[in-house]
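**Q**
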Amino acid sequence: MTAGVGTALWAAPEVFMAKKYNDRADVYSLGVVLSELDTCAIPFADQAIGKNGKLDGMAVIKLVTQKRAKPTFSESCPAPVLELAMLCLDYEPGNRPSAADVVQLIQSQIKPALEAY
Numbered sequence: 023m024t025a026g027v028g029t030a031l032w033a034a035p036e037v038f039m040a041k042k043y044n045d046r047a048d049v050y051s052l053g054v055v056l057s058e059l060d061t062c063a064i065p066f067a068d069q070a071i072g073k074n075g076k077l078d079g080m081a082v083i084k085l086v087t088q089k090r091a092k093p094t095f096s097e098s099c100p101a102p103v104l105e106l107a108m109l110c111l112d113y114e115p116g117n118r119p120s121a122a123d124v125v126q127l128i129q130s131q132i133k134p135a136l137e138a139y
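Per my numbering: the sequence shown ends with 139, consecutive numbering throughout.
Following this line, the structure appears as structure tokens:
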């Protein structure tokens, strides 16, 4: 895939770098969504503030493609959720889990942890 579709704050680094990408780009986006669900805030809102005091999407793209920014998580984020998110947010697509791996991690680690929560 090389269409370059996606919304800046949720798109994987390889999408912005005009590299070929695959389903691992969607796994990256899942990591961003997990951050959003955890913090109840727009991803990167605390990291890329423009001169007008608002989130600067271009600054986010620059930081992400330079491997200098990942979405933040709260201190109360359950450890298994944070661990999955960090795997999903790896800058290198080949290091991210596959969709099947994500399902397995949710079933084996996150679901039991949240049930105990």
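C-beta atoms are modelled at their ideal positions from N, C-alpha and C, and glycine is treated no differently.
1. Between L136 and P100, which are expected to be in contact by the criterion C-beta below 8 Å, what is the C-beta distance as a whole number of angstroms?
2. Considering only the alpha carbon of each residue, which of Y139, T87, A107 and I64 lies closest to K41?
3. Could you name the residues of the same chain whose beta carbon sits closer than 7 Å to that of A30, not counting the 5 residues immediately before and after it, in chain order?
4. Whole angstroms is fine: what's the gap from V27's alpha carbon to S130's?
5. Given a threshold of 16 other Cβ atoms within 10 Å of its Cβ, counted over all protein chains shown, does S51 qualify as buried or as exposed?
6. Tell me which residue opens and which closes the alpha helix (DSSP H) that K133 is part of.
7. Which residues in the same chain have their Cβ closer than 6 Å to the Cβ of P134, if we skip the five residues on either side of it in sequence?
8. How many angstroms separate the CA atom of N44 from the CA atom of S120?
**A** Straight from the coordinates:
1. Contact annotation, L136 with P100: C-beta distance approximately 7 Å; criterion of less than 8 Å satisfied.
2. The residue from Y139, T87, A107 and I64 with its alpha-carbon nearest to that of K41 is T87.
3. Beyond the five residues adjoining it in sequence on each side, A30 comes within less than 7 Å, by CB distance, of G79, V82 and I83 in the same chain, given in chain order.
4. Since pLDDT at V27 reaches only 43, below the 50 mark, its modelled position is unreliable, and the value read off the structure follows with that caveat. If I take the Cα positions, the gap works out to 32 Å.
5. Buried, by the Cβ-count rule.
6. Annotation for K133: the continuous alpha helix (DSSP H) segment containing it runs K133 to A138.
7. If we look at P134 and ignore the five residues flanking it on each side, it has no Cβ neighbours.
8. Their backbone Cα atoms lie some 10 Å apart in a straight line.
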